[in-house]
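Everything on this sheet refers to the single structure shown next.
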Amino acid sequence: MFRRILIANRGEIAVRIIRACRQMGVTSIAVYSTADRDSLHASLADESVCIGPPDPGESYLNIPAIISAAEVTDTQAVHPGYGFLSENAKFASICRECHIEFIGPSAQALSLSGDKAACRQAVEAAGVPVVPGSEGIIKDPDVAMKVAQKIGFPVVVKAAFGGGGKGMRVAHNDATLKHDVALAVTEAEASFGDGGVYIEKFLEGARHIEFQILADAHGRIITLGERECSIQRRHQKLIEETPGPGLSASLRARMAKAALRAARAISYSNAGTVEFLLAPNGQFYFIEFNARIQVEHGITEEVTGIDLVREQIRLATGEHLGYSTVLPEGAAIEARVYAEDPELNFRPSPGVIRRLHLPGGPGIRVDTHVYPGYEVPRYYDSLLAKVIARGKDRSEAIERLYAALEEFTTEGVTNTARICARIVRGDRFRRGDIGPDLVDEYLPSMG
Ligand code: ADP
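Per our numbering: the sequence shown = residues 627 to 1073.
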């Protein structure tokens, strides 16, 4: 087991990893930017090192600064969390070249999963259905036109090396496609340093269903069940739950098998997530692989009793998985509370949290890094907290989550707790009639 782990991240996930380290008797080392000097992760960790100015390029994405911090603190392993360098194959290789274990999959698996166009091809070759689309990256807008005409509009243009919904554009006809491709390329270049894009058929009304997997370095791979994540804004998740409402046992089993096959196709190890779209006609298609711990991992932990961060650390030391089947029990739902204003199309609402009230009670878990007086920096993702409710069944989890979200208060910054509360209390959500259009029904501008 590692004695010392450096956490190359910030916010709630850094706090989550520090807690896992403490429970495992491992010394935790936080890194922070000057904007995060007063952050909870920097004060909770056993040791902390300032790695640069607020701009992520100079701090949380600054590989030399993070490697230096790891070396001066005599770190044996780095946990990258999610976002930032978590899926960066170059960072993983540099860590290992410096004899620092990267807590995650191999650099080869990261390279393949990080190139979404190539990953689609590898997974399709292994017999898993993918959304109809282009073969690999598209460079020429005329090729984009040919692919779109073949698969039929609407289509979605996606950044091959992207994430977080950035660089994604839906094109409804020939007239806008060229413009959409050009915009997606520009956005992808600006956000990810690579303008490669690819095209998929846009599946109207499709649900996002993903499978959590765990794989050891000795060839054993298991799934820990699915998560339903269709409730999103700007193609980013807002509410997630497990099990997925309305999924039959046979569909779940077929999707789980496809998830394992996809993971094997890229020789995956450690914790990861296989994402699928489930079309209204019941067909499912692979969309991408997330080679990291996900924001929404907590709901899987609540129904399986497995600490996924602990498993990531344990598997990175080369330990065997040690179990082959996990039977989830009950239901869990998560609402992400962001410092954003839903009335203003979810515009970020940074600032100082003057007063804070966090909910609690049976079956409620709040993963957060905020405290009264905390200033939400404008440089980073605006996630304030994840409110997770567990119940013996879905309706108990809904009741608990609704009550918890109604209590959640931040004065000084606007948050997304109330809109999430209204969604989970609504008839459609309670019926389990989940879809990507659900959020729209609660937006003021949409009436
Ligand atoms: P990112 O990596 O940026 O999150 P994804 O490929 O995972 O991008 O897509 C984000 C979300 O957009 C998905 O969760 C899904 O809801 C929606 N989406 C992606 N691809 C399609 C598609 N082909 N048809 C319909 N919706 C899609």
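Yeah, the Cβ is synthetic: ideal placement off N, Cα and C, and Gly gets one too. Fair warning: this is a prediction, and the values are worked out from it, not measured in the lab.
task: Using beta-carbon positions only, say whether residue 740 and residue 634 come within less than 8 Å of one another.
output: no
Rounded C-alpha distance that separates residue 673 from residue 1038: 31 Å
Collapsed DSSP secondary structure at residue 844 in the structure displayed: coil
- request: Hey, could you find the ends of the alpha helix (DSSP H) residue 721 is sitting in?
  value: 715-723
query: How about residue 913: is its Cβ closer than 7 Å to a heavy atom in the ligand ADP?
result: yes
task: Determine the burial state of residue 953: buried for a count of at least 16 other Cβ atoms within 10 Å of its Cβ, exposed for fewer.
output: exposed
task: Please classify residue 705: is it buried, with 16 or more other beta-carbons within 10 angstroms of its beta-carbon, or exposed?
output: buried
- prompt: If you draw a straight line from the alpha carbon of residue 916 to that of residue 831, how long is it in whole angstroms?
  reply: 22 Å
query: For the beta strand (DSSP E) that residue 993 lies in, which residues bound it at each end?
result: 990-994
message: Below 8 Å on the Cβ atoms is my contact criterion, and I expect residue 1020 with residue 906 to pass it. Report the Cβ-Cβ distance as a whole number of Å.
response: Between residue 906 and residue 1020 the Cβ distance is about 21 Å, and since that is not below 8 Å, they are no contact.
message: Rounding to the nearest angstrom, what Cα-Cα distance links residue 675 and residue 876 in this structure?
response: 50 Å
task: Scan the region 652-701 and note each continuous alpha helix (DSSP H) run of 4 residues or more that stays entirely inside, going in chain order.
output: 666-670 and 689-698
message: Check whether chain C comes within 8 Å of residue 1017, counting only Cβ atoms and requiring the distance to be less than that.
response: Of the protein chains in this structure there is only one, and it is not chain C.
message: Could you compute how far the alpha carbon of residue 643 sits from the alpha carbon of residue 777?
response: 43 Å
- request: Taking residue 792 and residue 813 to be in contact with their CB atoms under 8 Å, please state how far apart those CB atoms are, rounded to whole angstroms.
  value: 6 Å
- prompt: Using DSSP with H/G/I as helix, E/B as strand and the rest coil, what is residue 739?
  reply: helix
field: Cα-Cα separation, residue 1072 to residue 1066
entry: Because the pLDDT at residue 1072 is just 41, under 50, the model does not fix this residue reliably, and the value given afterwards should be weighed accordingly. Those two C-alpha atoms are separated by around 7 Å.
- request: Would you kindly check if the distance between the Cβ of residue 895 and the Cβ of residue 941 is under 8 Å?
  value: yes
task: Taking only the alpha-carbon atoms, compute the straight-line gap between residue 911 and residue 848 and give it to the nearest angstrom.
output: 20 Å
- prompt: Thinking just about the alpha-carbon of each residue, which of 661, 1029 and 980 is nearest to the one in residue 637?
  reply: 661
- prompt: Quick one: is residue 701 buried, meaning 16 or more other Cβ sit within 10 Å of its Cβ, or exposed?
  reply: buried
task: With DSSP collapsed to three states, give me the class of residue 1070.
output: helix
- prompt: What are the partner residues of residue 896, as DSSP defines its beta bridges?
  reply: 841
message: Checking 8 Å against the spacing of the C-beta atoms, do residue 806 and residue 816 come in under that value?
response: no
message: Nearest by alpha-carbon distance to residue 1012: which of 1058, 901, 866 and 861 is it?
response: 866
- prompt: With a CB to CB cut of under 6 Å and the five nearest residues on each side skipped, what residues in its chain are close to residue 763?
  reply: 743, 786, 822 and 824
- prompt: For the ligand ADP, any of its heavy atoms closer than 7 Å to the Cβ of residue 856?
  reply: yes
- prompt: What separation, rounded to the nearest whole angstrom, lies between the Cα atoms of residue 758 and residue 981?
  reply: 49 Å
query: Across which residues does DSSP place residue 705 in a beta bridge pair?
result: 633
- request: Determine, using beta-carbon pairs with one atom in the region 963-981 and one in the region 1036-1056, whether at least three such pairs fall under 8 Å.
  value: yes
task: Please go through the region 845-920 and give each complete beta strand (DSSP E) segment of 3 or more residues, from N-terminal end onward.
output: 847-859, 862-868, 896-904 and 910-916
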